[in-house]
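Only one structure is covered here, and it is reproduced in the block below.
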Amino acid sequence: MNESKTISLIQTARIASPCDMKWDDMVGDERVRHCEACDLNVYNIAAMTADEANALLEGAEGRICGRLWRRFDGTVITRDCPVGLQIIRRKMILTTAKVAAAIIALGSVLAFGRSREVDPWQGPDSTYTQTRTRIETWLNNAPPPVPGRMIMGDMCVAPPPVPTLQNNSD
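Residues in the sequence shown are numbered from 0 upward in steps of one, following numbering that gives the first Met the number 0.
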């Protein structure tokens, strides 16, 4: 018995024309935003389940613009990806811990500066400036949620592979 494995459309999707527009500059929510530059909706595949993303691609007529996170192994991350969910949760916890640490550190700097009657807000070498610089560096060097890369632009879907016919003539 020959079993054929169904290939998910979203896993064959590629960004045909990458776009330099910034997601954060577009108006919309986490699933879809409108790009003023090309007057198209941009769909965030990582915020959709695999079924939702496949339905979007199957029902697409004409150009479709998307934003997807492709891991180094080629897998596209969707909302229901167990590996992606685990890493996203880890990133959220790490970000929350960093923000809490930054608030505690800033509070400590302010308390320390007041106890010594030194204005922590003054001068480039002030305790506040040094601490703020360290915190900003720490927050900005957060690792990406999943090894891979985020790419956005016009999407195309590779056609499914055509099964080869075997000639069993002797």
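For glycine and all other residues, C-beta sits at the position ideal for the given N, C-alpha and C.
Own chain residues within Cβ distance below 7 Å of residue i, not counting five before or after
i    : result
V26  : R32, H33
D170 : An answer regarding residue 170 cannot be provided, because it is not within the stretch 0 to 169 covered by the chain.
L39  : R62, C64
Residue i classed as buried or exposed, judged by whether at least 16 other C-beta atoms fall within 10 angstroms
i    : result
I103 : exposed
V98  : exposed
A15  : exposed
L93  : exposed
R133 : exposed
A52  : buried
8 Å Cβ shell around residue i - same chain, five flanking residues per side excluded
i    : result
R13  : M154, C155, V156, A157
G152 : I14, A15, S16, P17, C18, C64, G65
8 Å contact criterion, which residue i and residue j should meet: CB distance rounded
i   : j   : result
A45 : I76 : 5 Å
N43 : E57 : In fact, because the Cβ distance is near 18 Å, the residues do not count as touching under 8 Å.
Straight-line Cα distance separating residue j from residue i
i    : j    : result
G106 : T95  : 17 Å
D72  : A36  : 32 Å
V41  : T136 : 31 Å
R62  : R88  : 33 Å
I150 : W22  : 10 Å
L8   : L67  : 13 Å
A60  : Q129 : Residue identity differs from the one stated: residue 60 is Glu in this sequence, not Ala. In a straight line, the C-alpha of E60 is about 54 Å away from that of Q129.
Q10  : V108 : 49 Å
A54  : D24  : 27 Å
Beta-carbon contacts of residue i that lie in its chain and below 6 Å, excluding the five residues immediately before and after
i    : result
A101 : I134
R131 : none
M20  : C34, A36
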